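In the numbering used here, the protein residues as written are 13 to 552. Using N, Cα and C, we set each Cβ at its ideal position, and we do this for glycine too. Quick caveat, the model's predicted, so the values are computed rather than measured.
Written out as structure tokens, the structure is:
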């Protein structure tokens with residue numbers, strides 16, 4: 013019998029006891045900053061637990077959050093799991109169909125939501141028969157059709173201020189999240205207390221994110237997306253200062269927070285990092301406090317890493333993971349013998365997806381299930397397993413297609429070098445199969461985005477009579493470059509790095525590239541648009 017359970021209560025009580033005066037900062041909708049400390053946070057989490065009891069929530073019940081990165085949402089992060097219920101963080105960027113599916117599929121009993129997201133929830137509430145109540149994460153109740161309705165602050169003020177958290181089995185579900193749904197309805201993944209405990213502990217390793225009490229942390233990645241990559245849990249476990257970007261933050265808002273709060277570690281999507289660079293080129297902000305800036309969601313263009321490092325002296329880190337893996341599988345790692353290598357060599361290492369973190373096992377296999385050599389040339393699909401990696405989807409028959417003998421099949425194609433460093437080449441469904449050979453759309457995109465005139469680029473396959481598939485590039489130019497750059501310049505740029513048969517046959521210059529709910533390029537939508545575009549132009 014395990015006498016000590018690995019659950020979140022341990023970390024909640026640790027931060028309150030040892031780091032009671034350390035600060036949590038939350039940007040409000042009006043741009044002002046709300047500040048309180050870990051002692052006050054713990055007091056409010058206790059009240060939240062009593063509030064859950066007062067509205068009839070039982071252990072094991074699913075509770076949805078529909079909210080931005082703010083302090084009230086953070087209270088749900090610990091209050092709901094430590095009470096014994098399960099927090100389901102709903103992706104606020106889903107379409108109505110996906111919102112309805114995930115809330116109904118999870119069987120959420122209550123929805124906690126931010127006031128400015130009311131219109132979205134009002135539009136779908138009539139399709140949520142299992143939801144018994146709504147709680148507005150605010151201190152006043154707005155006019156709304158949602159019913160029954162509670163005010164979060166009223167609930168907290170009306171209950172006993174002390175709650176005795178019981179021991180919870182480490183294998184009990186703590187939170188759940190759904191995949192980004194690029195091709196089908198989202199799939200649910202449940203995270204246990206034990207999985208989150210071990211995952212956040214790994215994030216604190218010096219050779220991973222190195223999160224500690226000395227950090228000022230800004231999780232830009234949404235709290236509805238894979239527990240904000242587990243970063244809020246690691247921050248609270250260590251007593252780090254935690255800064256939350258709040259409602260609808262723009263790139264400039266994030267830069268202001270980095271400057272004013274002396275952020276040492278930030279994490280967000282690659283697209284956000286690019287937006288921030290564009291602001292920095294026009295208006296200076298002091299971001300020198302950053303010891304590390306993690307960008308994820310897709311491979312980082314090398315030009316972005318170089319600009320942050322050489323111009324602003326900010327080291328960029330990336331890793332690899334997914335909803336199914338809590339999410340961290342690998343992270344930037346410099347080996348012992350690489351301490352003295354040149355900055356350019358370090359940039360090359362930062363351009364990869366890192367090394368598998370402690371606790372995770374990985375193999376890369378070809379189409380026959382055979383492991384490929386770690387020579388950085390042979391490509392294969394990544395399979396992973398570990399204590400925080402899912403073994404099934406929640407009540408979903410699609411599990412059988414993704415989980416085999418304890419391994420999760422990622423669908424990501426990669427090479428691995430002799431040191432075990434991963435390089436994501438493409439998604440299996442996005443790799444371009446031309447004349448019996450594979451072309452990496454990701455590598456082409458990254459090199460296109462390294463061109464000084466290019467803001468964004470996305471490469472997709474189009475049918476070809478002879479070669480079966482050929483690459484086509486959709487390119488967004490920087491505003492000042494519109495009309496000055498054409499296909500010839502971009503082909504000349506690419507031919508320096510790739511064989512001729514890799515080069516896109518066609519370039520389409522567009523105003524924007526569609527993105528999915530997590531900010532990644534939505535290649536499924538783009539492929540449909542490209543097919544229609546080519547059809548229209550062939551008829552003209």
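Once DSSP output is grouped into helix, strand and coil, what is the label at residue i?
i, result
"residue 136", "helix"
"residue 380", "coil"
"residue 541", "helix"
"residue 203", "strand"
"residue 121", "strand"
"residue 493", "helix"
"residue 221", "coil"
"residue 293", "coil"
"residue 235", "coil"
"residue 228", "strand"
"residue 208", "helix"
"residue 127", "helix"
"residue 518", "strand"
"residue 283", "helix"
"residue 187", "strand"
"residue 272", "helix"
"residue 264", "helix"
"residue 404", "coil"
How big is the Cα-Cα spacing for residue i and residue j?
i, j, result
"residue 290", "residue 238", "27 Å"
"residue 107", "residue 347", "43 Å"
"residue 523", "residue 488", "6 Å"
"residue 501", "residue 388", "29 Å"
"residue 84", "residue 405", "28 Å"
"residue 555", "residue 317", "Residue 555 lies beyond the stretch modelled for the chain, which goes from 13 to 552, so this question has no answer here."
"residue 81", "residue 244", "10 Å"
"residue 344", "residue 259", "30 Å"
"residue 19", "residue 496", "58 Å"
"residue 205", "residue 191", "20 Å"
"residue 462", "residue 286", "11 Å"
"residue 269", "residue 49", "18 Å"
"residue 414", "residue 538", "25 Å"
"residue 95", "residue 23", "14 Å"
"residue 449", "residue 134", "50 Å"
"residue 74", "residue 202", "11 Å"
"residue 25", "residue 70", "22 Å"
"residue 396", "residue 57", "35 Å"
"residue 263", "residue 232", "10 Å"
"residue 61", "residue 149", "15 Å"
"residue 591", "residue 393", "The chain is shown from 13 up to 552; residue 591 falls before or after that span and cannot be answered."
"residue 167", "residue 160", "13 Å"
"residue 254", "residue 44", "16 Å"
"residue 72", "residue 21", "16 Å"
"residue 564", "residue 304", "Residue 564 falls outside the range modelled here, since the chain spans only 13 to 552, and no answer is possible."
"residue 265", "residue 257", "8 Å"
"residue 330", "residue 368", "12 Å"
"residue 468", "residue 525", "8 Å"
Let's test the definition: count the other Cβ atoms within 10 Å of the Cβ of residue i and tell me whether it reaches 16, buried, or not, exposed.
i, result
"residue 353", "exposed"
"residue 509", "exposed"
"residue 283", "buried"
"residue 380", "exposed"
"residue 38", "buried"
"residue 16", "exposed"
"residue 121", "buried"
"residue 364", "buried"
"residue 322", "exposed"
"residue 403", "exposed"
"residue 554", "No answer is possible for residue 554: the residues shown for the chain start at 13 and end at 552."
"residue 507", "exposed"
"residue 151", "exposed"
"residue 428", "buried"
"residue 357", "exposed"
"residue 319", "buried"
"residue 416", "exposed"
"residue 196", "exposed"
Indicate whether at least one CB of chain C lies closer than 8 Å to the CB of residue i.
i, result
"residue 257", "Given the protein chain composition of this structure (a single chain), no chain C is represented."
Which residue spans inside the region 71-107 form an unbroken alpha helix (DSSP H) run of at least 4? With a minimum length of 4 residues, the continuous alpha helix (DSSP H) runs that stay inside the region 71-107 are 83-95.
Is the number of C-beta pairs between the region 208-219 and the region 238-249 that are closer than 8 Å three or more? With the cut-off at 8 Å, the region 208-219 and the region 238-249 touch.
Let me know the beta strand (DSSP E) ranges lying completely inside the region 406-489, each 3 residues or longer, listed in chain order. Counting only runs of 3 or more, we get 419-428, 434-439, 444-446, 449-451, 466-476 and 480-489.
Do three or more CB pairs link the region 222-232 to the region 263-281 at distances below 8 Å? Contact between the region 222-232 and the region 263-281 is present: 3 or more CB-CB pairs across the two stretches fall below 8 Å.
Given 8 Å as the limit, is there contact between the region 471-483 and the region 420-429, that is, 3 or more CB pairs closer than that? Fewer than three pairs of CB atoms, one per stretch, sit closer than 8 Å, so the region 471-483 makes no contact with the region 420-429.
Are three or more beta carbon pairs between the region 153-164 and the region 173-180 nearer than 8 Å? Contact fails: fewer than three Cβ-Cβ distances are below 8 Å.
Which runs of the alpha helix (DSSP H) at least 4 residues long sit entirely within the region 285-346? Give them in chain order. Here the runs fully enclosed are 314-324.
Could you say if the region 99-113 and the region 136-148 meet the contact criterion of at least three C-beta pairs nearer than 8 Å? Touching, per the Cβ criterion.
Run through the region 154-186 for me and flag every whole alpha helix (DSSP H) of 4 or more residues, listed as ranges in chain order. Fully enclosed alpha helix (DSSP H) runs of 4 or longer: 164-169.
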